[in-house]
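Numbering (our numbering), first residue to last: 173 to 594.
Written out below as structure tokens is the structure these notes cover.
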């Protein structure tokens, strides 16, 4: 809702204006003096409007306007005047002052209409949110089934996936569906300043120990979600291992990590014993390019979200747009898809988004490591997926898979892949 600040000492008129604006789907807040108005103005979001009386107990509308200009606030100010006396109107509107006036005797007729001329909708940043987005691929259904199994235990979990796949949403879903949802949960980013906790200088323990230990004390009986486990320093790994292995806190730990955490363990930059304690269960989220059937479902979800936020009819993708989306590499996964869809929705005037309305980031093929034929059981699927995206152009498909054209021909023959299967 759009915020409107009312600065007026009249309690009765304040109530009238609040009611009128609230019924018009605005979010009004009232201040009764210049000083109180300054405090509330500093809290206003972009797009807000200020409605102020000409005279207030501790000053005037002109003083409030001058303060706003000094502080570099650009909110439009509407002045409430007793009548259209030329002296008052000219005084409050001179030198870039109030942008318009409202007559106090006609507040009920002029307020909402005048506010509507100056209020602006902020272009919001849409986040994916903290809940799972429904999807239709077999891989995603398996993830949902696995969540149902995991929540029945108190075992620690690592959720693996590339950046932007939705690891944190899965971790939070495990917490929400578990019996421990009735107890506190704390989210900690292993790679950021969030791993600070509390430190008691008088303690004989190290500062790192005290800070990490404080998380477990605050989450007793509940859950700690450690984001980006692969970024945890070796010192903090050792402290975490000691707490889990020696002190056995009554806390479940759910971690998110990028797939190369396994390689870190092999390279001895991540402690294997800590890995085994934390990975009592694991969930692996596929990259978006591996589950292209989910792309239209996710895209429609984001279009619905966009329409809801802007109170507009939902736009839809035509066949050319869907095809272009399925052929893109999606190095940024679901997060990148969200950005592409919202940009397209914002830039498309009509109801239908075509391929020409999509703007993709330039993705480096070298980042497309998940398509490497590392897992024999998944080779056929990856090959058919690449052929599908390139309309059976074997040269392009081979480049996508990072294999030679002769190797691709051999694999197609080996697996008996036919064009009508793709």
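Positions of the beta carbon are idealized from the N, C-alpha and C atoms, including for glycine.
Rounded Cβ spacing between residue 464 and residue 493 (contact assumed at less than 8 Å): About 14 Å separates the two Cβ atoms, so there is no contact after all.
Where the beta strand (DSSP E) containing residue 332 begins and where it ends: 329-332
Span of the beta strand (DSSP E) around residue 453: 453-456
Between the CA atoms of residue 292 and residue 583 - distance to the nearest angstrom: 58 Å
DSSP state of residue 529 mapped onto helix, strand, coil: helix
Reference residue 334, options 265, 507, 532, 530, closest by Cα: 507
Proximity below 8 Å, CB of residue 399 to CB of residue 380: no
From 458, 191, 517, residue whose alpha carbon lies closest to that of residue 337: 458
Residues near residue 515 in its chain [Cβ-Cβ closer than 7 Å; skip 5 each side]: 531
Runs of beta strand (DSSP E) lying entirely within the stretch 199-230, each at least 3 residues, in chain order: If we require 3 residues or more, the beta strand (DSSP E) runs fully inside the stretch 199-230 come out as 221-225.
Segment contact flag, the stretch 386-403 with the stretch 352-365, C-beta cutoff 8 Å, min 3 pairs: Touching, per the Cβ criterion.
Expected contact under 8 Å - CB spacing of residue 226 and residue 264 to nearest Å: 6 Å
Close Cβ partners of residue 485 (< 7 Å) along its chain, the five nearest in sequence each way excluded: 479, 523
Straight-line gap, residue 589 to residue 563 (C-alpha atoms, nearest Å): 14 Å
Contact check, residue 417 vs residue 449, beta carbons under 8 Å: yes
Minimum C-alpha distance to residue 212 - residue among 234, 180, 438: 180
Span of the beta strand (DSSP E) around residue 137: With the chain covering 173 to 594 only, the question about residue 137 has no answer from this structure.
Same chain, Cβ closer than 6 Å to residue 499, neighbours up to 5 away in sequence not counted: 561
Nearest to residue 491 (by Cα), restricted to the options 519, 528, 553: 528
Under 8 Å between C-beta atoms of residue 451 and residue 326: no
Per-residue burial, residue 558 [other beta carbons within 10 Å of its own, 16 or more giving buried]: buried
Residue 554 vs residue 566 beta-carbon contact at 8 Å: no
Spatial distance of residue 183 from residue 244 (CA atoms): 29 Å
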